[in-house]
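Down below is the structure, laid out as structure tokens.
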Amino acid sequence: MDGEKQKKRPDSDLNGAFSHESDPYDALVPIFVETKIPKRLTQIGTGVFSQIRGQPFLFTAAHVVDEQAQGTLLVPTSLGLVPIHGYMAHVDLPPEIPRRDDMIDVAYYRLSRMFAKSLCHHFRPLPPERTELIQSSLNLSVCSASGYPASKAKKDSEGVLSSEIFSFRGVAADQQTYDLLALSAEQSIIINFHKKRAIDPITMSEFPTPSLKGVSGGGIFAWPAGSELSDDWTLPRLVGIVHTFKQKEGLIIGSTLLPLMAAISLGKMKGFGMEKGVRTI
133 MDGEKQKKRP DSDLNGAFSH ESDPYDALVP IFVETKIPKR LTQIGTGVFS QIRGQPFLFT
193 AAHVVDEQAQ GTLLVPTSLG LVPIHGYMAH VDLPPEIPRR DDMIDVAYYR LSRMFAKSLC
253 HHFRPLPPER TELIQSSLNL SVCSASGYPA SKAKKDSEGV LSSEIFSFRG VAADQQTYDL
313 LALSAEQSII INFHKKRAID PITMSEFPTP SLKGVSGGGI FAWPAGSELS DDWTLPRLVG
373 IVHTFKQKEG LIIGSTLLPL MAAISLGKMK GFGMEKGVRT I
């Protein structure tokens, strides 16, 4: 299990383009929901700031964006916490199927460029070369599920919010686990992770971990063979998006990037515009 890492706040210098950082942590964005009744601000999930064919996107879990039915989704920018500006798309489910039964559970925002530049005040988009469309999750060795645990969100005496990133590292599951859960290794990623058995990869001693609530929508990063216990974050690549933690079974579940890329391609074919709105696919 990876230890916590403080979120860095890099300065922005876009010069008309997006600069790329080697640390994928800089691409992880906490997502909040602001409700009027009751009046409160709550950290609910994580997004992955990415760039595809020169266009800025924010990936997350569909059940995270479902929270917009309760309030307004906000992310940190140069102007503070503001609503996400862009075109959102997710897979719509029939009324009889609850989101908790959705084992794809992905959504994306195609961000406006002005909003993306404002987001770059705190974060950096993950470039295409740091992502990988895997053919099968059975080929993975060790992965880290990374995001912002809701329990780490804090507000200081002046009312300023802060949060921290955690990564949860484990061995990729085998075919038997996919069969037991009736999941496809082409579309899903399963990581073995037992909170009570978590250890620090550097000291190899027991390490207390926070709840994974809030990590939904965060990234799944695959470590290359021979670097399974490395702390060099220039090595792993984004291969999926987190959406579920089965604590009793000790399993973190996410989707590969394949369904997400298919949704983006379909959206482009249907002429999804940059106007603010929602499209279900």
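Taking the numbering used here, the leading residue of the sequence shown gets 133, the next gets one more, and so forth. Beta carbons are placed, not taken as given, at the ideal position from N, Cα and C, and that holds for glycine.
Residue i bridges to which residues according to DSSP?
i      : result
Thr178 : Pro162
Ser294 : Lys286
Arg172 : Thr167
Glu318 : DSSP output for Glu318 lists no bridge partner at all.
Pro215 : Leu206
Val274 : Val303, Trp355
Ile184 : Gln187
Arg262 : Its beta-bridge partners do not exist; DSSP assigns none.
Glu279 : Note that residue 279 corresponds to Gly in the displayed sequence, not to Glu. Per DSSP, Phe298.
Ile323 : Ala304, Ile384
Thr126 : Residue numbering for the chain in the displayed model covers 133 to 413; residue 126 lies beyond these limits and cannot be assessed.
Write down the C-beta distance between residue i and residue j rounded to the nearest angstrom, noting that I regard them as a contact closer than 8 Å.
i      : j      : result
Ile297 : Ile385 : The pair is not a contact, with the Cβ atoms about 20 Å apart (cut-off 8 Å).
Ser387 : Ser320 : 6 Å
Gly177 : Ile163 : 4 Å
Val371 : Ile236 : Contact doesn't hold; Cβ gap of about 15 Å is too wide.
Val161 : Val223 : Their Cβ separation, rounded to whole angstroms, is 21 Å, which puts Val161 and Val223 out of contact at 8 Å.
Gln175 : Ser295 : 6 Å
Phe244 : His217 : A small fix is needed here, since residue 244 is Ser in this sequence, not Phe. Between His217 and Ser244 the Cβ distance is about 5 Å, and since that is below 8 Å, they are a contact.
Gly203 : Glu166 : 5 Å
Glu83  : Ser273 : Nothing about residue 83 can be reported from this structure: the residues present for the chain run from 133 to 413 only.
Ala248 : Pro188 : 4 Å
Cys275 : Ala354 : 5 Å
At the level of alpha carbons, what is the spacing between residue i and residue j?
i      : j      : result
Ile184 : Val374 : 19 Å
Ala239 : Ala221 : 6 Å
Thr263 : Leu225 : 27 Å
Lys378 : Glu338 : 21 Å
His326 : Asp198 : 28 Å
Val303 : Val180 : 22 Å
Lys284 : Leu293 : 10 Å
Asn324 : Ala395 : 28 Å
Leu392 : Ser269 : 15 Å
Glu153 : Leu258 : Any reading at Glu153 must be qualified, since the residue scores a pLDDT of 48, below 50, and its modelled position is unreliable; the value itself is stated next. Each residue's Cα considered, the two are about 7 Å apart.
Val196 : Asp306 : 28 Å
Lys402 : Pro340 : 47 Å
Leu389 : Met246 : 25 Å
Leu312 : Ser210 : 46 Å
Pro170 : Val214 : 19 Å
Arg232 : Thr376 : 9 Å
Lys168 : Thr309 : 42 Å
Ser144 : Gly212 : For Ser144, the pLDDT reaches just 38, beneath the cut-off of 50, and the residue's location in the model is therefore unreliable, leaving the point undetermined.
Lys328 : Leu173 : 30 Å
Legend entry - Three-pair Cβ contact test at 8 Å for the segment 253–263 versus the segment 306–324: No contact exists between the segment 253–263 and the segment 306–324.
Legend entry - beta strand (DSSP E) runs contained entirely in the segment 368–392, provided each spans 3 or more residues: List check, beta strand (DSSP E) in window: 369–378, 383–388.
Inset, instruction - Spell out a yes or no on whether the segment 266–282 and the segment 340–355 are touching, meaning 3 or more CB-CB pairs, one atom from each, closer than 8 Å. - result: The segment 340–355 and the segment 266–282 touch, with three or more beta-carbon pairs separated by less than 8 Å.
Legend entry - Stretch pair the segment 361–372 + the segment 283–294: three plus CB contacts closer than 8 Å: Output reads no: the segment 283–294 does not touch the segment 361–372.
Legend entry - Cβ pair count under 8 Å reaching 3, the segment 347–354 against the segment 181–196: Yes, they touch.
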